[in-house]
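**Student:**
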Amino acid sequence: EFVRELGADQVIDYNATDFRKVVSNVDAVFETVGGDVAMQSFAVLKPGGRAAFIASGAQAPKPDRADVTSLRPAVSRDRPALERIAELHRIGVVRVPPVRLFGLADAVEAVQISKARHLKGKLVFKVR
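Per this note's numbering: the sequence shown = residues 7 to 134.
(1) Return helix, strand or coil for LYS27, following the three-state DSSP convention.
(2) Rank SER120, MET45 and VAL114 by C-alpha distance to the C-alpha of SER62 and give the top, closest one.
(3) By alpha-carbon positions, which one of PHE59, ALA92 and ARG134 ends up nearest to VAL79?
(4) Going by DSSP, what residue range makes up the alpha helix (DSSP H) through VAL136?
(5) From this set, THR75, LYS128, ALA111 and SER120, which residue's C-alpha is nearest PRO103's C-alpha?
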C-alpha cells in the first residue's frame, strides 16, 4: 500500500514473487535493493534497455547480456536541487518518507528491520 501511495500502478513484493515471472520487456529498471535482485534485474529488460543501480556498490553490476546497459548514476547534493525538492515538498508533490529514530543501543533492532527489507521510510541513528 505504501508504494501505491507513492504513485506506483503495479506493486510486486520481490520477497514473495519472482518479479522475472511477472515483468518483462521493459525499457528501464531503477534498482535500489542490490545483491541478487540487482543481477536478476537484467532479465526483465528488453534489448537496448538500461538499468540504473544505486545500491550495488561503487560500480554498476556487469550485465550478463550484451544487449543492455548497466549504469551507476552519480548521487550528489547541491543547493539548487535541494531547494527545488523542498519546494516540491511544500506544494505537496513530494512526500517525506517516515523516519524511525534509533539510539545506538538499539542498533541490533535497526539492522534486523533493515535486513527484513520491509521498512517504509528511513532508519536514522541518534549518535549524541
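C-beta atoms are modelled at their ideal positions from N, C-alpha and C, and glycine is treated no differently.
**Tutor:** Well, looking at it:
(1) The three-state secondary structure of LYS27, taken from DSSP, is helix.
(2) Looking from the CA of SER62, the closest CA among SER120, MET45 and VAL114 belongs to MET45.
(3) Reading off the sequence shown, one finds Pro at residue 79, where the question assumed Val. Answer by Cα proximity: PHE59.
(4) In the structure as shown, the chain begins at 7 and stops at 134. Residue 136 is therefore absent and cannot be evaluated.
(5) Comparing Cα-Cα distances from PRO103 to each of THR75, LYS128, ALA111 and SER120, the minimum goes to LYS128.
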